Every structure is written in structure tokens, then in C-alpha cells.
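Residues in the sequence shown are numbered from 310 upward in steps of one, following the numbering used here. C-beta: ideal position from N, C-alpha, C; glycine also. All figures in this text were calculated on a predicted structure; none of them were measured in a lab. Below: one structure, written as C-alpha cells.
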Amino acid sequence: MKYNLIHDKNYKAWLTELKGKIRNTQLKAAVTVNTQLLEFYWELGADIIAKQTQAAWGSGLIDQLSKDLMSEFPEMKGFSRRNLMYIQEWYLFYTKSIVQQAVGQIARQPVSQLQKNQFVPQPVGQLVQQPVALITQIPWGHNIAIISKCENIDEALYYAQSTTKYNWSRTVLVHQIESGLYKREGKAVNNFAVTLPKPQSDLAVQTLKDPYIFDFLSMTGDYREKELENAIVSHVTQFLLELGAGFSYIGRQMPLQVDDREFFIDLLFYHTKLHCYVVVELKTVGFEPEHAGKLNFYLKAVDSQLRTGQDNPTVGILICKSKNKLVVEYALSDIRKPIGVSEYKLTQSLPKSIKSSLPSIKEIEKELGSKK
310 MKYNLIHDKN
320 YKAWLTELKG
330 KIRNTQLKAA
340 VTVNTQLLEF
350 YWELGADIIA
360 KQTQAAWGSG
370 LIDQLSKDLM
380 SEFPEMKGFS
390 RRNLMYIQEW
400 YLFYTKSIVQ
410 QAVGQIARQP
420 VSQLQKNQFV
430 PQPVGQLVQQ
440 PVALITQIPW
450 GHNIAIISKC
460 ENIDEALYYA
470 QSTTKYNWSR
480 TVLVHQIESG
490 LYKREGKAVN
500 NFAVTLPKPQ
510 SDLAVQTLKD
520 PYIFDFLSMT
530 GDYREKELEN
540 AIVSHVTQFL
550 LELGAGFSYI
560 GRQMPLQVDD
570 REFFIDLLFY
580 HTKLHCYVVV
590 ELKTVGFEPE
600 HAGKLNFYLK
610 AVDSQLRTGQ
620 DNPTVGILIC
630 KSKNKLVVEY
640 ALSDIRKPIG
650 VSEYKLTQSL
660 PKSIKSSLPS
670 IKEIEKELGS
680 KK
């Protein structure tokens, strides 16, 4: 049987204090709506957890609190039972993870060091404030998506930081989480460490993904490289989203004149953060060493014919159906041009949030059929 909070003096006192905080937040929110609201949510989450444990008010607290706050502030939508549950979950998601990290930090120290009091861990309160400063900068709907779909705090903070950095909408954020961007970014086999100076080499590594997810194509069966290229160009907006921030599309089948011969590169981009041209080559087969040699040739030609004094060395990205990591490493070991090799995946399921905005299979087939 749930404890009746209506007649509890301590609950009434806390509720009065809470209402005062809400009114104060409403006044301040005229300047920084999102931050003020989320800072209040964070404090409310802490209060709920504390009251449930220390005051032994139990699970009935959220039901009663929701009724009281919705009655007092009917114009505010954030006090439904469901949202209060999210607030509680949001607070616990980060605080539990941070406390576990702090405990692990202590556990990894040698016993002798702990006995001599030489190890002084950063106070948990200070550790908590670091992510709070970040997560209160993004909308509440984004925060709900992150804690609902992320497995740990590192992944969650990655998506929170990326949201502020790239100004992702909630739809784009959900798509990036469901496509596993956190696990794919910076995973491509490459030779950037020996072909590019720092910090450009580090930024180039972060730019690559492995695998690339071409779920917007919905292609099945056998298809040629030309067909894959056609489909990608037809949906270049979605392709740029998958490539990541900084890529600016220049063109396809770009001609390169070398002596009396003409060569064509699949896709050419310019990266606004790397300040360089990026050559993308598509292979619908597994990686072969000669693919790297051909891409290396293209990079030399682009550096010679297109690159100016303000541009950094051209980067090559080879996206193939499959690869053997050791074979790729051998193939790139003596190449002096910066090349990264990634796989691509064609998935059959799309995030529900963006499915309606993407082309149907029939539309793709029609486009491919008209360009064969």
C-alpha cells in the first residue's frame, strides 16, 4: 500500500519550496530557457531520489508530485508522471555512471599508494558538474533520446557534444545513434599518422567511419559500382549526412587529364575543416591492393592539378564492400599519400523518425533504371 503524502508535513514543506523554485525558474527562463529548465530538472531529479530514499516516500512520490505540480502549473507540460520518470532516469543515468567511474579510479590505484593517502580522487560533485554543464545546453527531447538509446555515459556525452557542435536536430541525432556513429567514427584503417602532420592527421582519423551505413539506398541483389554511385549522387544530402560535418560536394566522375590520357574519379569533395580535397572511390567488391595504388595515383593528380597553396594534401577514402585489415595495412604501408579504407553496409531497416523523408525502393529502382 502506497504511503499517503497529502497529509505529510515534510512533503508539504518540500512541495512549497519546490513551487517557489519553479516560479523563480520561470522568471529567469526568459533569457536562457533551455539551460534554466534543465538545471531545474537536474535539481528536481536529485530531490526525487533523495526523498524516495531518505524520507522513505517510495514509488508513490512521483504520482502525487505530478498531480500537485500539474494542478499548480497547468500551463507547464513538464510535470506529467512520464516526464518526471524521465527526469529521475536522466539524473540517475549520469550520477550512477560517474560514481562508478570514481570508484573504479580508486580501485585501480596500488594499495601502498592508498595507504599513504597519496591518491586524492576528484570529488564526485565536481565530476558530476562536468557533464551537467554540457547536457543542459541541448534540448530536453535530445536528452531523452540519448539516455533512452545510449549504453554508457561516454557514448551519451559523445552524442551530447556532437549535438552542440553540429547543431543536430532530434531527428538527425536519433539517426546517428541508431546507425552506431559512436562506434564507427575514427575506426577506418588508414596511414594518416605517417602521411599527414599533427593535428591534421588526428582530425582526418576522426573524420573517417567504418563501416559507412548506406541505409538510405535500400539496394538489394547484384549491382555495379556505377549504379551505386548513381544512387548516392541522387541522394547526396543523405550521403553528406553519413560522411559527417565538413564535407562539401564538388562533383562525380571528375576528369583528370594526365598527358594524353583522361581519368575519372568517382566522387570529389572539399573538406572545410581539413582544408583539403577529398577523393572518394567506391568498390562493390572486397578490397584489393591495386585499389590503393589507383587511389594513390588520383591523389597525386588532384594535388598537381587542383590543389592550391592554401590547401592541405588531398585525402583519399576508399569505400568497399569488405576488407581484410592486414591486407589493407600492407597495401598502405609504403604509400605516401593519405588514404583511409572503410567498408559500407546496406541495411534493410530505417529509423522510424526519418523513414518517411527518405525515398522508397521503387523510387530508387526508377532512378537507377533511368541512368543505366
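**Prompt:** If you compare alpha carbons, which of Trp351, Ile358 and Ser488 is closest to Gln547?
**Reply:** Position 238 of the sequence shown, counted from the start, is the residue given in the question as residue 547. Ranking the options by Cα distance to Gln547, first place goes to Ser488.
**Message:** Once the 5 residues before and after Gln515 are set aside, which same chain residues still bring their CB inside 7 Å of it?
**Reply:** The residue you call residue 515 lines up with position 206 of the sequence shown. Answer for Gln515: Glu494 and Gly495, listed in chain order.
**Item:** Residues near Gln373 by beta carbon distance below 6 Å, same chain, minus five either side
**Value:** Within the sequence shown, the letter at position 64 stands for residue 373. Taken in chain order, the residues that qualify are Leu314.
**Request:** Provide the residue span of the alpha helix (DSSP H) that contains Ser375, from first to last.
**Result:** On the sequence shown, residue 375 is found 66 positions in, with the first residue counted as 1. Looking at the DSSP string, the run of the alpha helix (DSSP H) that includes Ser375 is Gly369 to Glu381.
**Opposing strand residues paired with Glu590 [DSSP bridges]** = Residue numbering aside, residue 590 sits at position 281 when the sequence shown is read from its first letter. Glu590 pairs with Leu627.
**Message:** Check for me: the alpha helix (DSSP H) holding Pro598 runs from which residue to which?
**Reply:** Here residue 598 is taken as the residue at index 289 of the sequence shown, counted from 1. Here the alpha helix (DSSP H) through Pro598 covers Pro598 to Gln614.
**Message:** Contact defined as beta carbons within less than 8 Å: I believe His580 pairs with Gly555. What is the distance between those atoms, to the nearest angstrom?
**Reply:** Along the sequence shown, read from residue 1 onward, the residue named residue 580 stands at position 271. Along the sequence shown, read from residue 1 onward, the residue named residue 555 stands at position 246. Right, the Cβ-Cβ distance comes to about 5 Å (below 8 Å), so this counts as a contact.
**Asked** Alpha carbon to alpha carbon, what distance is there between Ile455 and Asp356?
**Response** The sequence position of residue 356 within the sequence shown is 47, counting from 1. The sequence position of residue 455 within the sequence shown is 146, counting from 1. Cα to Cα, the separation comes out at about 22 Å.
**Request:** Could you check which residue in Glu384, Gln509, Lys458 and Gln363 has the C-alpha nearest to that of Val624?
**Result:** Here residue 624 is taken as the residue at index 315 of the sequence shown, counted from 1. Comparing Cα positions, the closest option is Gln509.
**Request:** With DSSP as the reference, please indicate the residues paired to Cys585 in a beta bridge.
**Result:** Position 276 of the sequence shown, counted from the first residue, corresponds to residue 585. According to DSSP, Cys585 bridges with His580.
**Request:** Put Gly555 into one of helix, strand or coil per three-state DSSP.
**Result:** If you number the sequence shown from 1, residue 555 lands on position 246. It is coil, neither helix nor strand.
**Asked** Cα separation between Asp643 and Gly553?
**Response** Translated into the one-based positions of the sequence shown, residue 643 becomes position 334. Translated into the one-based positions of the sequence shown, residue 553 becomes position 244. Computed Cα separation, rounded: 28 Å.
**Message:** With H, G and I counted as helix, E and B as strand and the rest as coil, what does DSSP make of Arg390?
**Reply:** Stepping through the sequence shown from its first residue, residue 390 is reached at position 81. In the structure shown, Arg390 sits in a helix (DSSP, three-state: H, G or I).
**Message:** From the DSSP secondary-structure annotation, give me the bridge partner or partners of Ser486.
**Reply:** For the purposes of this step, residue 486 is taken as residue 177 along the sequence shown, with counting starting at 1. Residue 486 is actually Ile in this sequence, not Ser. Bridge partners of Ile486: none, in fact.
**Request:** Determine which residues share a DSSP beta bridge with Gly560 and list them.
**Result:** Locating residue 560 in the sequence shown gives position 251, where the first residue counts as 1. In DSSP, Gly560 forms a bridge with Leu577.
**Message:** What would DSSP say about Phe523, mapped onto helix, strand or coil?
**Reply:** Numbered from 1 along the sequence shown, position 214 holds the residue referred to as residue 523. Three-state result, Phe523: coil.
**Item:** Per-residue burial, Gln397 [other beta carbons within 10 Å of its own, 16 or more giving buried]
**Value:** Residue numbering aside, residue 397 sits at position 88 when the sequence shown is read from its first letter. Gln397 should be labelled buried.
**Item:** Given 8 Å, three or more beta-carbon pairs between the stretch 500-509 and the stretch 645-656
**Value:** yes
**Message:** How far does the beta strand (DSSP E) with Ile648 in it extend, from its first residue to its last?
**Reply:** As a working note, residue 648 is residue 339 in the sequence shown. Where Ile648 is concerned, the enclosing beta strand (DSSP E) stretches over Ile648 to Lys654.
**Cβ pair Asp620, Tyr586 closer than 8 Å** = Within the sequence shown, the letter at position 311 stands for residue 620. Within the sequence shown, the letter at position 277 stands for residue 586. A contact, by the Cβ cut-off of 8 Å.
**Message:** How far does the alpha helix (DSSP H) with Gly450 in it extend, from its first residue to its last?
**Reply:** Position 141 of the sequence shown, counted from the start, is the residue given in the question as residue 450. That run of the alpha helix (DSSP H) goes Trp449 to Lys458.
**Message:** Distance check for Met385 and Pro622, CA to CA, integer angstroms please.
**Reply:** Walking along the sequence shown from the start, residue 622 turns up at place 313. Walking along the sequence shown from the start, residue 385 turns up at place 76. Whole-angstrom Cα-Cα distance: 54 Å.
**Prompt:** Do the stretch 465-474 and the stretch 363-370 touch if we need at least three Cβ pairs shorter than 8 Å?
**Reply:** no
**Length of the line joining the Cα atoms of Lys376 and Trp323** = For the purposes of this step, residue 376 is taken as the residue at position 67 of the sequence shown. For the purposes of this step, residue 323 is taken as the residue at position 14 of the sequence shown. Distance between the alpha carbons of Lys376 and Trp323: 15 Å.
**Asked** So, Phe572 versus Leu565, is the Cβ gap smaller than 8 Å?
**Response** Along the sequence shown, read from residue 1 onward, the residue named residue 572 stands at position 263. Along the sequence shown, read from residue 1 onward, the residue named residue 565 stands at position 256. Yes.
**Buried versus exposed call for His451 [16 or more other C-beta atoms within 10 Å across all chains shown]** = As a first step, residue 451 is located in the sequence shown; it is residue number 142 there, counting from the start. Burial call: buried.
**Message:** Buried or exposed for Asp575, going by 16 or more other Cβ atoms inside 10 Å?
**Reply:** Within the sequence shown, residue 575 is the residue found at index 266, counting from 1. Buried, because 16 or more other Cβ atoms sit within 10 Å of the Cβ of Asp575.
**Request:** State the DSSP-derived secondary structure class of Lys474, mapped to helix, strand or coil.
**Result:** If you number the sequence shown from 1, residue 474 lands on position 165. The answer is helix: DSSP assigns Lys474 an H, G or I state.
**Request:** Please list, in chain order, all residues of the same chain as Asp519 whose beta carbon is under 7 Å from its beta carbon, the five residues on each side excluded.
**Result:** Position 210 of the sequence shown, counting from 1, holds the residue named residue 519. So the qualifying residues of the chain are Arg493, Lys496, Ala497, Ser651 and Glu652.
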